[in-house]
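So the structure is just underneath, and the comments pick up after that.
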Amino acid sequence: MSVPFRIHVLGFSAFERNALASYFRLAANRTPSYQQADALRDADFLVVDADHADAVATALAEGRLEGAVFIGAAPPDGAAAWMMRPIDPLHVLRELDAMVAARAPQRVPPTLS
Numbered sequence: 000m001s002v003p004f005r006i007h008v009l010g011f012s013a014f015e016r017n018a019l020a021s022y023f024r025l026a027a028n029r030t031p032s033y034q035q036a037d038a039l040r041d042a043d044f045l046v047v048d049a050d051h052a053d054a055v056a057t058a059l060a061e062g063r064l065e066g067a068v069f070i071g072a073a074p075p076d077g078a079a080a081w082m083m084r085p086i087d088p089l090h091v092l093r094e095l096d097a098m099v100a101a102r103a104p105q106r107v108p109p110t111l112s
């Protein structure tokens, strides 16, 4: 099994944060695997609420647009990945898988599962 990529979640309601945390727990046994990071500085990638101004501002200020999946009405300019609500866990994982393959191919096998 590969070393899990750490994902930090910015914004979202408590319900959505809990749902995202569940998705990442379920994704722990796949390749690539993911686990939630408590701190932004510890994260390989971000999942950001595009409708939460402070969350978007934080991602921008930290220079993390290229490693972020934005979920909401509209992403900021330069966002690497974006999807509308409702949150589709498979779509989130596909976007993260694509970012992993593009940025860290040495940590994943040639075919993603």
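Using numbering that gives the first Met the number 0, the letters of the sequence shown map in sequence onto residues 0 to 112. Backbone N, C-alpha and C define an ideal beta-carbon position, used for all residues, glycine too.
By the Cβ criterion, the stretch 52 to 59 is not in contact with the stretch 18 to 25, since fewer than three pairs of Cβ atoms, one from each stretch, lie closer than 8 Å. Under the 10 Å beta carbon count, residue 37 is surrounded by fewer than 16 other beta carbons and is classified as exposed. The C-beta distance from residue 84 to residue 70 rounds to 6 Å, short enough to meet the 8 Å contact threshold.
Counting other Cβ atoms within 10 Å of its Cβ, residue 101 stays below 16 and is therefore classed as exposed. Put simply, of 1, 14 and 47 the residue whose alpha carbon is nearest the alpha carbon of residue 28 is 1.
In the three-state DSSP reduction, residue 80 falls in the strand class (E or B).
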